[in-house]
Amino acid sequence: MIELERVTKRYGAMVAVDAVSLAIPTGAFCVLIGSSGAGKSTTLRMINRLIAPSEGMIRIDGRDAASVMPEELRRRMGYVIQSIGLFPHWTVERNIGAVPALLGWPAARIGDRVGELLTLLKLDPEAVRRKYPHQLSIGQQQRIGIARALAADPDLLLMDEPFGALDPITRDALQAEIARIHAASRKTIVFVTHDMDEALKLATVVAIMDRGRLVQAGTPLELLTTPVNDFVRDFVGREDLGMRLLSVEKVAQRLRAGETAPGEPISAEASLRQALSQMIARGSDRIAVVDAAGRSRGVLHLADLVRQ
Amino acid sequence: MTAARFLRDPLAWSLGAFILLVLFMPASRPLFAALFPELERPLYTQDSFLALALSHLALVAASSAAAAALGVAGAIFVTRRAGAEFRGLVETLVAMGQSFPPVAVLAIAVPVIGFGAEPALIALTLYGILPVLENTLAGLGAVPATVRDAARGIGMGEGAILLGVELPLAAPVIVAGIRTSTIINVGTAAIASTVGARTLGSPIIIGLNAANIAYVVQGAILVGLLAVVLDLAFDRLVARTRRWRDP
């Protein structure tokens, strides 16, 4: 549980973050979203004390973050940034093992952990562990960046626009990766982005910021259905609202159980948006649904997509 | 290293040539006698060339090591928070110092300190600091801010960031500065024999005073070759510091 209590950051007369209060429950995927200069990165960087708050308090699992040595605090939090920031003169292995090395793990345990993480991030450990960052693609480098953040198995992961510099295909792949890691580990993730689709895809909690203030925090569905003001309404997108509503709900929530339909089935875990896309592509108003194990779950009808 | 690779290595054979010349210069008397028949004494014999070479090397090594240590330490100090306010002052001094020829530094050192190896050592050290300091500032300044941010963000302490990240990344530029400083010192150490230090410059200075060209040639060949050897050795060292770039 991370609690921000009236956290404020001033630079001279400029207020970068203005009395933000936010509670992020353990295991949440919290996305801070807003336009440039909204204060989202500053807020994130106050959680690991790269920036000292001017006022207010940040508690991590009930403990005041200011009472812990900054280095010690940061070693317990993974940190991923848009520019990746791998150490160019260190091998992949040494980069990933940086935090365990700081924590004094024995070399053999670090080596095992590096192999484990490379496999988790779908890289071939033997092919990349002795390479240098500049020998890898940007997408592979950011996989290493995520592996480095996960190395000491932190409970909390801070990610500052981690996929902002990636091409759309690599970005989709890494979004899926981080969603999978979150679902499997239930780590708390605080994630900064300005991409609403990315936020809706990943978040369990979205916090919208504007000019240093927290405007609204809630589940993706709450934000889409009950925006508190016009800023949020504009931000979540008036034109795309329908499609975005479909993107935050899963097929499992609207299917008719017990029915069967012909054709290639879709996963119950897919979003309604993906299902609609399939229906349009196939020219069909119904689609069979299966669970992860491939067992039939029922049928999704086009008419059920428009029901509120 | 195989024999063939050894022969193709310019560092190996220039070092070999330097050592052979230092040891067997006395044997070259007939050559210089033939080249300069008008000279009564065609070979410099006041000191052994080995002794001159060793004291020259000792002067260069001591002054360059001191210059490297002071230059790197100074640049680190002014790039830390505690020393940041001295940065402008230090940079001005560096810029002013660079416009000073090394001979002038020697000329000033004598009236202040006196004759002998000591003023030479001090003058060489002071002059040698400048390129090291300047390059260390440039090297540390070129470390990407994102790498430093990541290092802090994962919980590295300031000392670990300096030793583990900043200095290794700046190393090629820092070593290039030490190289410049050392090569300048090889030449300046030769001139330092004018203030009483015994170096490979002694035959040159004595030869110039006594219109003995053979002495000048003997000293100049050795000083020049020593500079080449050290330059090639630094080449090797620079390549080592950037080995990660093309493994």
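Residue numbers (this note's numbering), protein chains in the order written: chain A, -2 to 305; chain B, 1231 to 1477. From the three backbone atoms N, C-alpha and C, an ideal C-beta is built for every residue, glycine too. Values in this document were obtained by computation on a predicted structure and should not be read as measured data.
Pair within 7 Å by beta-carbon distance, residue i and residue j
{"i": "V202/A", "j": "C27/A", "result": "yes"}
{"i": "H253/A", "j": "V296/A", "result": "Residue identity differs from the one stated: residue 253/A is Arg in this sequence, not His. Yes."}
{"i": "V1459/B", "j": "L1245/B", "result": "yes"}
{"i": "V17/A", "j": "L1/A", "result": "yes"}
{"i": "H179/A", "j": "P1398/B", "result": "no"}
{"i": "G1301/B", "j": "V1362/B", "result": "yes"}
{"i": "L1269/B", "j": "A1406/B", "result": "no"}
{"i": "M156/A", "j": "G31/A", "result": "no"}
{"i": "P1402/B", "j": "V1468/B", "result": "yes"}
{"i": "P217/A", "j": "A148/A", "result": "no"}
{"i": "I1404/B", "j": "G1426/B", "result": "no"}
{"i": "G1327/B", "j": "L1360/B", "result": "yes"}
{"i": "Y76/A", "j": "W1474/B", "result": "no"}
{"i": "T185/A", "j": "L220/A", "result": "no"}
{"i": "L1367/B", "j": "A1305/B", "result": "yes"}
{"i": "G1358/B", "j": "N1439/B", "result": "no"}
{"i": "I1391/B", "j": "A95/A", "result": "no"}
Identified DSSP bridge partners for residue i
{"i": "Y8/A", "result": "M11/A"}
{"i": "Y76/A", "result": "L155/A"}
{"i": "K247/A", "result": "S268/A"}
{"i": "T190/A", "result": "I30/A"}
{"i": "A254/A", "result": "G295/A"}
{"i": "T185/A", "result": "L153/A"}
{"i": "E1255/B", "result": "Looking at the sequence itself, residue 1255/B is Met, so the reference to Glu does not match. For M1255/B, which the question treats as bridged, DSSP gives no partner whatsoever."}
{"i": "V286/A", "result": "I263/A, G295/A"}
{"i": "L1/A", "result": "L19/A, I55/A"}
{"i": "Q213/A", "result": "I205/A"}
{"i": "D61/A", "result": "R56/A"}
C-beta neighbour in chain B for residue i, strict 7 Å
{"i": "V96/A", "result": "yes"}
{"i": "Y8/A", "result": "no"}
{"i": "R71/A", "result": "yes"}
{"i": "L99/A", "result": "yes"}
Chain-ordered neighbours of residue i on chain D, where CB pairs are closer than 8 Å
{"i": "T1376/B", "result": "Absent from the structure is chain D; the protein chains it does hold are A and B."}
Closer than 7 Å to chain A by CB, residue i
{"i": "I1384/B", "result": "yes"}
Proximal chain A residues relative to residue i, where beta-carbon distance stays under 8 Å
{"i": "G1387/B", "result": "E68"}
Chain A contact residues for residue i, given Cβ-Cβ distances below 9 Å
{"i": "W1474/B", "result": "P85, H86, W87, T88, Y129, H131"}
Per-residue contacts from residue i into chain B (C-beta, under 8 Å)
{"i": "L47/A", "result": "D1379, R1382, G1383"}
{"i": "Y145/A", "result": "Note that residue 145/A is Arg in the sequence shown, not Tyr. Simply I1384."}
Check: residue i C-beta below 6 Å from any heavy atom of the ligand ADP
{"i": "G1344/B", "result": "Looking at this structure, you won't find the ligand ADP or any other ligand, since it has none at all."}
When you check each C-beta in the stretch 1392 to 1409 of chain B against every C-beta of chain A, which residues fall closer than 9 Å?
G1394, V1395, P1398, L1399, A1401
Relative to chain B, which residues along the stretch 103 to 123 of chain A have a C-beta separation below 7 Å, given in chain order?
none
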